[in-house]
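Under our numbering, think of the first position of the sequence shown as 848, with each following residue one higher. This report concerns only the one structure given below.
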Amino acid sequence: SLTTLFGGGVSFDVPEGLEQGQPVAEKTAFNLYDDQKSIQDSLYTDHIDYLMFFKDSVRGLQPGAPLEFRGIRLGTVSKVPFFASNMRQVFNDDYRIPVLVRIEPERLKAQLGENADVGAHLTELLKRGLRASLKTGNLVTGALYVDLDFYPKEPPITGLREFDGYEIIPTVSSGLAQIQQRLVETLDKINNLPLNPMIEQATNTLSESQRTMRRLQTTLDNMNKITSSQSMQQLPADMQTTLRELNRSMQGFQPGSAAYNKMVADMQRLDQVLRELQPVLKTLNEKSNALVFEAKDKKDPEPKRAKQ
C-alpha cells in the first residue's frame, strides 16, 4: 500500500526454493532482513572458501557479488582485495589482485545430491579446463562478477595449489582484456609491414604504367600510319588482315578506352588507400584500443609567449 511505501513496514513471504511450513505459534520470533536478497543469502550458511588471483582490474567487483557458472549462481565474493598477513608480491606488470570467494554447496544439491563432495567435483572440473574470469554484470554501474567456465586451450593442471590454507582456483583474462591484447598484437603486425616501400612502389608502378601507355599510344599512331600507307596496300591480303586486327586490339588500350581508364583508376585507388591507411596506423600506435573506444581529439598546440 502507499502507507507502507512511504511509512515503511514488514513483509512476510516464503523464501524461494522452500516449501510452506506449519502455522507458527503466538510470540514466535522472526529474523528481520534488509531485503529479499539478504534472505536468500542467509539460507546458504555452509560454504567452502577459495582464493583467486586476477591480473585484470578488479574495479567494480564488490563483496557480495555473485560467483556464477554460465548464469547459475554457485557462491559469493567474500573480500576484494584479500591480503593475508604473509602475502608478498613483486609490484610489476605481472602483479595479481587476490580475491576471496566462497562456493555454497547447498546451491548444488539438485545437481550433486545431499552429501556430495563439492571440493572433489570442483578439482576434477578444473583439471578439465574450468577457469575463473571477471565479467561485467551491469554496463551502467560497471559492476563485475566472477564467472566460471571451461577454457580448453588453457594449460592443464594436476591439482589445486594452496596458499595460507586456501586452495587457489586458476583465472584467465576477461574478454575485454583479450580484445585489447589482440589489438596490440595486430598493431604490432601492422607496424612491421613495409608500408612506405609499398606506397613508393605503387606510385612508381603507376608512373611506369602511364609511361607504358604513352609508348603504346606512339606505337599505335605508327601502326595507323603503316596501315594507311601506300606500301601497306601492296602487302598480301593475309598480312593486311593481321595488321588491321592488331591495330584494333591496340586501340582498346589507348587513352579514353574502358580498359585504359579501369587500369589507371585501379592504380590511383590503390595509391589512395595506402596513403589513407597511414593516419589510421598512427592513431592505433598512440592508442591501441581506439577501434573499441573512440580516440580523443587532440587539441591544437597553443603558442607560448617568450620569456622576457
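Glycine included, every Cβ here is placed at the ideal spot set by N, Cα and C.
- If you draw a straight line from the Cα of P1002 to the Cα of E1032, it is about 21 Å long.
- Closest option to S925, judged by alpha-carbon separation, among G918, N933, P913: P913.
- Membership of T988 in any beta strand (DSSP E) is not indicated, and neither H nor E is assigned to it by DSSP.
- Residue state for D994 is assigned as strand, using DSSP reduced to three classes.
- Secondary structure note for L972: its alpha helix (DSSP H) is the uninterrupted segment 965 to 974.
- Between the alpha carbons of A967 and L991 lies a gap of roughly 27 Å.
- When rounded, the separation of the alpha-carbon atoms in Y897 and E1014 is 5 Å.
- Note on G922: 16 or more other CB atoms within 10 angstroms of its CB, so buried under the neighbour-count rule.
- About 6 Å separates the CB atoms of L908 and L981; that is less than 8 Å, so the two are in contact.
- Looking at D1011, T983, Q1115, the one whose alpha-carbon comes closest to that of S1021 is T983.
- A straight-line Cα-Cα distance of about 16 Å links N1108 and R1062.
- Using a Cβ distance threshold of 8 Å, Y998 and G1012 do not count as a contacting pair.
- DSSP places P1003 outside both helix and strand once states are collapsed to three, so it counts as coil.
- In the DSSP annotation of this structure, the continuous segment of the beta strand (DSSP E) that includes P945 starts and ends at 944 to 950.
- Spanning the alpha carbons of S1056 and L1121 requires a straight line of approximately 18 Å.
- Straight-line measurement puts the Cα of V905 at about 17 Å from the Cα of Q936.
- Following the DSSP letters along the chain, one finds E915 inside the beta strand (DSSP E) bounded by residues 913 to 916.
- One alpha carbon belongs to R1058, the other to L1040, and they sit about 29 Å apart.
- Taking C-beta atoms under 8 Å as the contact rule, F901 and T1018 qualify, at a distance of about 5 Å.
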